[in-house]
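K.L.:
Quick one: structure below, then a few questions.
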């Protein structure tokens, strides 16, 4: 595609519900990243894939957060038993390889009530 | 751990004037990359400019240039001839230069307002 596509753009969920956020990277990009951006803050790294392999998940805040990229293209970030502190914008980025710039999507704004 | 600090939460400038956004970082690495990203209300992070730490020459991209002071661990962004479309949040970011370590570490951001 022309750019990184994320869906949904907005998601509202009740505390305790599970949510799934989707990222469709730029075609051919092997690297994929997830970041969490709290209101008024800079993005914080969550996890990184090289093709289908999850090479770094050091930023995932708890075991309620899970990310996958089974075929090395589309990725899903899943949050189980959501809490209010999970409310944030979740940004996805992709790049064509090591050393190449990361291209970001528009993000998903998640609100937990 | 690497950290990035932007000490100016907000800045404003008159249209057509020049403005400088500050950024400092802390690292023990010698090989790394520095970036400035722009985030308009649409939320998409857009790469403005990047600098490799091993390069002494400051990077420039049209109206955007950086002042990279490696010893002082400072990386400021200068925007010349400011335009209304430059209004956005600006984030300074750092990435270590080791292959395989690709995550970006961001600062807190500076909100830039352009006054017509």
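Residue numbers (the working numbering), protein chains in the order written: chain V, 4 to 116; chain F, 170 to 285.
Even glycine gets a Cβ: it sits at the ideal position worked out from N, Cα and C.
Because the structure is a prediction, the values reported are computed rather than measured.
1) Residues of chain F with CB closer than 7 Å to the CB of residue 34 of chain V, please, in chain order.
2) Output the distance between the C-alpha atoms of residue 186 of chain F and residue 195 of chain F, rounded to the nearest integer angstrom.
3) Find out if the Cβ-Cβ distance for the pair residue 115 of chain V, residue 41 of chain V is shorter than 8 Å.
4) Residue 107 of chain V touches chain F at which residues, Cβ-Cβ below 7 Å?
5) Hey, how far is the Cα of residue 64 of chain V from the Cα of residue 81 of chain V?
6) Report the neighbours of residue 276 of chain F on chain V: residues whose CB is nearer than 9 Å to its CB, in chain order.
7) Exposed or buried, which one is residue 28 of chain V when buried takes at least 16 other CB atoms within 10 Å?
8) Among the residues of its own chain, which have a CB less than 7 Å from the CB of residue 181 of chain F, if the five just before and after it don't count?
9) Would you tell me roughly how many angstroms separate the C-alpha atoms of residue 245 of chain F and residue 170 of chain F, rounded to the nearest one?
10) Check this for me: beta carbons of residue 19 of chain V and residue 84 of chain V, under 8 Å apart or not?
11) Taking 8 Å as the CB-CB cut-off, is residue 232 of chain F touching chain V?
12) Considering only their Cβ atoms, is the gap separating residue 35 of chain V from residue 99 of chain V smaller than 8 Å?
13) Between residue 258 of chain F and residue 74 of chain V, what straight-line distance do the alpha-carbon atoms span, to the nearest angstrom?
14) So residue 193 of chain F packs on residue 243 of chain F, CB below 8 Å; how close in whole Å?
15) Using a Cβ-Cβ cut-off of less than 8 Å, list which residues of the stretch 216-245 of chain F approach chain V; keep chain order.
16) Starting from the Cα of residue 254 of chain F, find the closest Cα among F:211, F:199 and F:227 and give me that residue.
17) Between residue 94 of chain V and chain F, is the shortest Cβ-Cβ distance under 8 Å, so that the two count as touching?
18) Given that residue 48 of chain V touches chain F, what residues does it touch there, using C-beta distances under 9 Å?
19) Applying the criterion that 16 or more other CB atoms from any shown protein chain within 10 Å of the CB defines a buried residue, is residue 272 of chain F buried or exposed?
20) Taking the continuous beta strand (DSSP E) assigned at residue 283 of chain F, which residues delimit it?
P.N.:
For this structure:
1) Chain F residues near residue 34 of chain V: 271.
2) Their Cα atoms are separated by approximately 30 Å.
3) It is not a contact, given that the beta carbons lie outside the stated cut-off.
4) Counting only Cβ-Cβ distances below 7 Å, residue 107 of chain V has contacts in chain F at 213 and 214, in chain order.
5) Straight-line Cα distance between these residues: approximately 12 Å.
6) Think of a sphere of 9 Å around the beta carbon of residue 276 of chain F: the chain V residues whose beta carbon falls inside it are 45, in chain order.
7) So residue 28 of chain V counts as buried.
8) For residue 181 of chain F, where only same-chain residues beyond five positions count, the Cβ hits under 7 Å are 282 and 284.
9) A straight line joining the alpha-carbon of residue 245 of chain F with that of residue 170 of chain F spans about 21 Å.
10) Residue 19 of chain V places its beta carbon less than 8 Å from that of residue 84 of chain V.
11) False, the Cβ-Cβ gap to chain V never drops below 8 Å.
12) No, the pair does not count as a contact, with Cβ atoms beyond the cut-off.
13) Straight through space, the alpha carbons of residue 74 of chain V and residue 258 of chain F are spaced by roughly 34 Å.
14) Sure, about 5 Å apart at Cβ, within 8 Å.
15) Within the stretch 216-245 of chain F, the residues whose Cβ lies closer than 8 Å to some Cβ of chain V are 216 and 219, listed in chain order.
16) The option with the nearest alpha carbon to residue 254 of chain F is F:211.
17) Residue 94 of chain V counts as touching chain F.
18) Under the 9 Å cutoff, chain F gives 272, 273, 274 and 275.
19) Buried is the call here.
20) In this chain, the beta strand (DSSP E) harbouring residue 283 of chain F covers 279-284.
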